[in-house]
Amino acid sequence: MNEYIMTIDEGTTSARAIIFDHSGDMVSIAQKEFTQFYPKPGWLEQDPIEIWTTTMEVIGKCMAQSGLSPKQIKAIGITNQRETVVVWNKHTGIPVYRDIVWGDRRTAGYCDQLKAEGKEPMIKEKTGLIADAYFSGTKIKWILDNVEGARAAAEAGDLYFSNIDGWILWNLTGREAHMTDYSNASRTLLFNIHTLDWDDELLELMNIPKSMCPEAKESSGHFAYTNVPELFEGEKIPVEGIIGDQMSATFGQCCFERGQAKITWGTAGTLTMNTGDEAIVSENGLLTTIGWGVNGKVQYLLEGTVYNAGSSVQWLRDEMRFLEASSDSEFFAAKSTLPLGTVYVVPSFSGLGAPYWDSYARGTIFGMSRGAAKNDIIRATLDSIGYQTRDILDAVAQDMNEKIELLRVDGGAANNNIITQFASDILGINVERPSNVETTAAGAAYLAGLSVGYWKDEADILANRKVDKVFSPEMPADQRKRLYDGWRNCIKALMVWSEGEKEFTK
Ligand code: ADP
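Position 288 of the sequence shown, counted from 1, bears residue number 883 in the numbering used here, the numbering being contiguous throughout.
The following block contains the structure:
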């Protein structure tokens, strides 16, 4: 009887269950979206109960479709949208509030206060993060401060918190195991990434009782057994892996060694670089985070995000109405007639992130002549993904003091050959696209499989890696310099404009 590994992938908009075989191929997949709530501008919530019932549904569907017996599922791995946080009553299983999603900005004011009080250097030193509303800690504090009775219940030891991974694990195990992994813990703003412990000073600062914290463990290892009569015909399957989504994609891309990096070009673009056992403090506004813990060893990552990658293609499609589908961008960009570096699009619709950090910047187009046309704007938009990737990779290289030789890519926009070739040209290095672009789900499966000996070691997993295509730089060095210098000039000009905008809002 063949054996398989299941990944439960808790995305921001949907839950998925995926079954992998030993060669890392998917044999069954089920997916379902859940509701997003926008109670106020800048607020973003979901219903934890709906996430759990949706998860049960996709697990059932994935199993039914596969025709496998639950006994053939050797282990389960969980990967999840990071930072999104649930607070629930451990006796009743009822969340005290909806889960607050990573992108929610309601605690931005409190984060400004932390900065004004001079707390950011201490936060950065311990957690590798900045004082930003993204991370779970300030969201937990908001729930305790704003939901009636929550603080008293927390102080009485009745409440638990976790990112979505821990909420799903607790439910999967019949309301038993309150655990998370180091990668998820490292996104809460409450976890010391050097000592691998919940940090008393940070918990005290945000007034969060320690009894709420899940037990933080290695990403690969035994967590607990499933214990839900409606799932797996009541069979108890071990959960053997938990990891945050971007870290999981890094593991799924087999970036096991220091110096190996990937970027996921989805809606946003997240670049992660394995820095080995060294937690490098960035001088360029990148985050330091835990990638995973396996076999008593923790690997750290540097992380930088391009806010608008695939979303800039959606803008071409939905606002400019230049495209029917995102994938059409490749066809039209190929018809652009102006030389590269004539038109530049800077799609900083919501500000510039690392390494510029300018929240007043907005999208702009440079270099329009009377003859500049739709296809030139499309081409320049695709190229902006490459320029922004270089901005981040240069920052990473500087922080590491190392030359980076190769970048692995995945996510929807990585299917576009113009984007991928241009990234290689402007980075001046090889860019590698794997055949299996489901790297996020694969990472969690690999970690779970490693724990139960389904895959022996990292070399065994590496043998599964299939490369679709390696893109090599074709652009002469002087053209690369000319184009990238032009991009930097655009950013400079844009930041002069945004300085003025900042003044207007005073
Ligand atoms: P997410 O997980 O963030 O939803 P995906 O990895 O599914 O993102 O990628 C979807 C994004 O990629 C969308 O923003 C879409 O516009 C973009 N995209 C998908 N296919 C292409 C393509 N062939 N060319 C350019 N952009 C694409």
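Every residue gets a Cβ at the ideal spot worked out from N, C-alpha and C, and that includes glycine. Since the model is a prediction, treat every value here as computed from it, not as a measurement.
Here the C-alpha atom of Tyr895 lies approximately 46 Å from the C-alpha atom of Ser964. Annotated as proximal: Phe756 and Trp683, with beta-carbon spacing under 9 Å. In this structure, the beta-carbon distance from Ala610 to Thr650 falls below 9 Å. Comparing C-alpha distances from Ala612 to each of Ser618, Ile603 and Ala1039 shows the shortest one belongs to Ile603. Scanning its chain for C-beta atoms nearer than 8 Å, with the 5 sequence neighbours on each side dropped, one finds around Glu771 the residues Trp765, Ala819 and Asn822, in chain order. Remark: C-beta atoms of Ser1030 and Thr976 do not approach each other more closely than 9 Å.
Residues of the same chain with a CB within less than 8 Å of the CB of Ile803, apart from the 5 flanking positions on each side, are Gly732, Ile735, Lys736, Leu739, Ala749, Phe756 and Leu785 in chain order. By the C-beta density criterion, Gly662 is exposed, having fewer than 16 other C-beta atoms within 10 angstroms.
Rounded to the nearest angstrom, the Cβ distance from Gly606 to Gln676 is 6 Å, consistent with a contact under 8 Å. In chain order, Ala612 and Leu826 place their CB closer than 6 Å to the CB of Ile654, counting only its own chain and leaving out the 5 sequence neighbours on each side. Under the three-state reduction of DSSP output, Arg1028 falls in the strand class. A distance below 6 Å between beta-carbons, with the five flanking residues on each side excluded, links Met1090 to the following residues of its chain, in chain order: Asp953. Judged by pairs of C-beta atoms under 8 Å, the segment 1018-1027 touches the segment 991-1004, as three or more such pairs exist. Taking the C-beta atoms as reference points, Val889 is found nearer than 9 Å to Ser815. In the pairwise beta carbon analysis, the segment 1078-1088 is classified as touching the segment 928-943: at least three pairs are separated by under 8 Å. Contact check for Lys998 and Ala992: beta-carbon distance about 6 Å, within the 8 Å limit, so the pair qualifies. The segment 1031-1039 makes no contact with the segment 865-881: fewer than 3 CB pairs, one atom from each, lie closer than 8 Å. Under the three-state reduction of DSSP output, Asp792 falls in the strand class.
Burial of Asp994 is indicated by the presence of at least 16 other C-beta atoms within 10 angstroms of its C-beta. Relative to Ile763, the option among Thr845, Phe851, Ile644 and Arg746 whose CA is nearest is Ile644. Unbroken alpha helix (DSSP H) stretches of 4 residues or longer found wholly inside the segment 937-1022: 969-995 and 1012-1022, given in chain order. Remark: the C-beta of Glu925 is in contact range of the ligand ADP, defined as less than 8 Å to any heavy atom. In the three-state DSSP reduction, Leu764 falls in the helix class (H, G or I). Residue state for Leu933 is assigned as coil, using DSSP reduced to three classes. By the Cβ criterion, the segment 827-840 is in contact with the segment 662-672, since at least three pairs of Cβ atoms, one from each stretch, lie closer than 8 Å. Here Lys812 is bridged, per DSSP, to Asp776. Judged by DSSP in its simplified three-state form, Leu739 adopts helix. Non-local C-beta neighbours of Ala670 in its own chain, meaning closer than 6 Å and more than five positions away in sequence, comprise Ile600, Pro833, Glu835, Ala1043 and Val1047, ordered along the chain. Of the candidates Ala1037, Val680 and Ala928, the residue whose Cα lies closest to the Cα of Asn1011 is Ala928. In terms of Cα proximity to Ile1014, the closest of Asn597, Ala811, Ile858 and Ile718 is Ile858. Here the segment 859-870 makes contact with the segment 896-904; the two share three or more CB pairs at distances below 8 Å.
Restricting attention to beta strand (DSSP E) runs no shorter than 3 residues, the segment 685-762 encloses them at 754-758, ordered along the chain.
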